[in-house]
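For the record, the sequence lines run as chains A and B.
Reading the first sequence from the start, the letters are residues 1 to 90 in the working numbering.
Reading the second sequence from the start, the letters are residues 1001 to 1219 in the working numbering.
No residue lacks a Cβ here, since even glycine has one placed at the ideal position from N, Cα and C.
What follows is a single structure, written as structure tokens, with notes after it.
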Amino acid sequence: MKRWKIVLAVTAVFLVAVLFTNSQWEGDVTESAATPLAEKAGIEESSVLPWKIEGDLLLFFFLSGGVIAGFAAGYYWHALFQGKDRKETA
Amino acid sequence: MHIPEGLLPVEQAAAWYAPAAAFVGAGLVGLKRRLVIQPSARPLIGLMGAFVFVISLMPIPVPGLGTVSHPCGTPMAAILLGPLTATVLGSVALLLQALFFAHGGITSWGANIISMAVGGSFAGFAVFKVSRRVGLGLGISAGMAGLVGDLVTYGLTSLQIALALHGDESIPYVWGAAFTSFLPTQIPLAIAEALFTAGVVVFIANQRAEILEGVVVRP
């Protein structure tokens, strides 16, 4: 129980810190590191894919991917641990 | 570990594909053999596949810096399944992320496989093995594997960026600059990955210790 309280407290502090950080949160750190060097070298991002996923379509894919992966994780978790705490039932 | 499309010169992108294909090919052969010999491994492989996909795609914000980055998940999968199987899982995750989630790219897939799937898996697995052999506890060993696997992934990404984009500067200088720019964001995430990896491995050891039989559970 004490561990859960620690996890909840850390999560709460993290959320408050994130929500009150004044930032646009644009792009991940790989892009932040690579883009200035690429601009200096005169190279631009390009895509070989015939589609471009952005805006709300990206949100749709992220949510769908999360739901599908979450379902798969839960399904296999249940198969692996048989849906019960083995320690408690031993 | 998600180098975008178009940043790597064509010849370098192709060059990263060659070792990536060798690792993934060896991993697929091993995975196929394992599923025949040990069909009961299927749930753990499925679980780790889902974990690696989600963990390596989740953009985690770092308060104070205003940046987001991704943990890898491959060190944890390597501890539980072996580094070659983890390489296959990481490669599939990276392909899906490039195709549908605007993270990484098809031309940079080989390079991203080398940094996250191969680098994260093998570095994490090696650190875990060595830590166990020198007598460190299971949780500490798994945590160190997560930490080092994460940082090695970004060290390799920095190298790939430096090789491709160094321009007139020396490669070691650009590597250092790129890796240094990763560190403020990546160190907190590497610590988080260490805690998560340790938590999952210790939980599995408590619940299903037989899963860890082949990976030096006791020092």
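Report task. Identify every residue that forms a DSSP beta bridge with B:Thr-1197. Result -> By one-based count along the second sequence, residue 1197 of chain B stands at place 197. Beta-bridge pairing links B:Thr-1197 to no other residue.
**Report entry** Within 8 Å, strictly: CB atoms of B:Ile-1113 and B:Leu-1094
**Finding:** Here residue 1113 of chain B refers to the residue found at position 113 of the second sequence. Here residue 1094 of chain B refers to the residue found at position 94 of the second sequence. Against a cut-off of 8 Å, the Cβ pair of B:Leu-1094 and B:Ile-1113 comes out as a contact.
Query raised in the report: Looking at B:Pro-1075 and B:Ala-1162, is the spacing between their C-beta atoms short of 8 Å?
Result: Taking the first residue of the second sequence as 1, we reach residue 1162 of chain B at position 162. Taking the first residue of the second sequence as 1, we reach residue 1075 of chain B at position 75. Not closer than 8 Å, so no.
Query raised in the report: For the alpha helix (DSSP H) that A:Val-91 lies in, which residues bound it at each end?
Result: Because residue 91 of chain A is not part of the residues shown, which for chain A are 1 to 90, the question remains open.
Query raised in the report: Quick one: what's got a C-beta closer than 8 Å to B:Leu-1189's C-beta in the same chain, skipping five residues either side?
Result: Here residue 1189 of chain B corresponds to residue number 189 of the second sequence, with the count starting at 1. Ile-1060, Val-1062, Ser-1069, His-1070, Pro-1071 and Asp-1150.
Query raised in the report: If we cut at 8 Å on Cβ distances, does B:Ala-1102 have a partner in chain A?
Result: As a position in the second sequence, residue 1102 of chain B is number 102, starting the count at 1. With 8 Å as the cut-off, B:Ala-1102 counts as an interface residue toward chain A.
**Report entry** Any 3 or more C-beta pairs closer than 8 Å across the stretch 1050–1060 of chain B and the stretch 1126–1145 of chain B
**Finding:** no
Requested in this report: Would you mind telling me which residues of chain B sit closer than 8 Å to A:Asp-28, beta carbon to beta carbon, in chain order?
Outcome: As a working note, residue 28 of chain A is residue 28 in the first sequence. Those are His-1002, Pro-1059, Thr-1067, Val-1068, Ser-1069, His-1070 and His-1103, listed as they occur along chain B.
Query raised in the report: Based on the DSSP output, what are the partners of B:Ile-1060 in its beta bridges?
Result: Looking up residue 1060 of chain B in the second sequence gives position 60. B:Ser-1069, per the DSSP bridge assignment.
Report task. Could you work out which residues of chain B lie near A:Lys-40, taking near to mean beta carbons separated by less than 7 Å? Result -> Position 40 of the first sequence, counted from the start, is the residue given in the question as residue 40 of chain A. Chain B residues near A:Lys-40: Gly-1167.
Query raised in the report: Distance, Cα to Cα, A:Ala-73 vs A:Asn-22?
Result: Residue numbering aside, residue 73 of chain A sits at position 73 when the first sequence is read from its first letter. Residue numbering aside, residue 22 of chain A sits at position 22 when the first sequence is read from its first letter. Computed Cα separation, rounded: 34 Å.
Query raised in the report: Should B:Pro-1219 go down as buried or exposed, given a rule of 16 or more other Cβ atoms within 10 Å for buried?
Result: Your numbering for residue 1219 of chain B matches position 219 in the second sequence. At B:Pro-1219 the pLDDT is 39, less than 50, meaning the model places this residue with poor confidence; the figure from the coordinates comes in the next sentence. Exposed: under 16 other Cβ atoms inside 10 Å.
Query raised in the report: Any C-beta of chain B sitting closer than 8 Å to the C-beta of A:Gly-55?
Result: Looking up residue 55 of chain A in the first sequence gives position 55. No, its Cβ sits nowhere closer than 8 Å to a Cβ of chain B.
Query raised in the report: How about the stretch 1002–1021 of chain B and the stretch 27–36 of chain A: do they share at least three Cβ pairs that are nearer than 8 Å?
Result: yes
Query raised in the report: Is B:Ser-1141 buried or exposed, if buried means 16 or more other CB atoms sit within 10 Å of its CB?
Result: If you number the second sequence from 1, residue 1141 of chain B lands on position 141. It is buried - the Cβ of B:Ser-1141 has at least 16 other Cβ atoms within 10 Å.
Report task. Drop a sphere of 10 angstroms on the beta-carbon of B:Leu-1008, count the other beta-carbons inside from all chains shown, and report buried for 16 or more, exposed for fewer. Result -> In the second sequence, the residue the question calls residue 1008 of chain B occupies position 8. Classification for B:Leu-1008: buried.
Query raised in the report: Looking at the structure shown, is B:Gly-1176 part of a helix, part of a strand, or coil, going by DSSP?
Result: What you label residue 1176 of chain B is simply residue 176 of the second sequence in a count that begins at 1. It is helical.
Requested in this report: Would you mind stating whether B:Gly-1167 and B:Ser-1121 have Cβ atoms separated by less than 8 Å?
Outcome: On the second sequence, residue 1167 of chain B is found 167 positions in, with the first residue counted as 1. On the second sequence, residue 1121 of chain B is found 121 positions in, with the first residue counted as 1. Not closer than 8 Å, so no.
Query raised in the report: Using 8 Å as the Cβ pair cut-off and three pairs as the minimum, do the stretch 1172–1184 of chain B and the stretch 1152–1162 of chain B touch?
Result: yes
Query raised in the report: Can you tell me whether B:Trp-1016 is buried or exposed, with buried defined as 16 or more other CB within 10 angstroms of its CB?
Result: Here residue 1016 of chain B refers to the residue found at position 16 when the second sequence is read from its first residue. The residue in question, B:Trp-1016, is buried, as its Cβ has 16 or more Cβ neighbours within 10 Å.
Requested in this report: Please confirm whether B:Ala-1041 and B:Leu-1047 have their CB atoms less than 8 Å apart.
Outcome: Along the second sequence, read from residue 1 onward, the residue named residue 1041 of chain B stands at position 41. Along the second sequence, read from residue 1 onward, the residue named residue 1047 of chain B stands at position 47. Result no, Cβ atoms of B:Ala-1041 and B:Leu-1047 do not sit closer than 8 Å.
Query raised in the report: Are A:Gly-125 and B:Leu-1057 close, meaning C-beta to C-beta below 8 Å?
Result: Since the first residue of chain A shown is 1 and the last is 90, residue 125 of chain A is not available in this structure.
Query raised in the report: Taking just the CA atoms, how far does A:Phe-14 sit from B:Ala-1178?
Result: As a first step, residue 1178 of chain B must be located in the second sequence, where it is residue number 178. As a first step, residue 14 of chain A must be located in the first sequence, where it is residue number 14. Each residue's Cα considered, the two are about 26 Å apart.
Query raised in the report: Taking all protein chains shown into account, do 16 or more other C-beta atoms lie within 10 angstroms of the C-beta of B:Ile-1055, making it buried, or fewer, making it exposed?
Result: Within the second sequence, numbered from 1, the residue matching residue 1055 of chain B stands at position 55. So B:Ile-1055 counts as buried.
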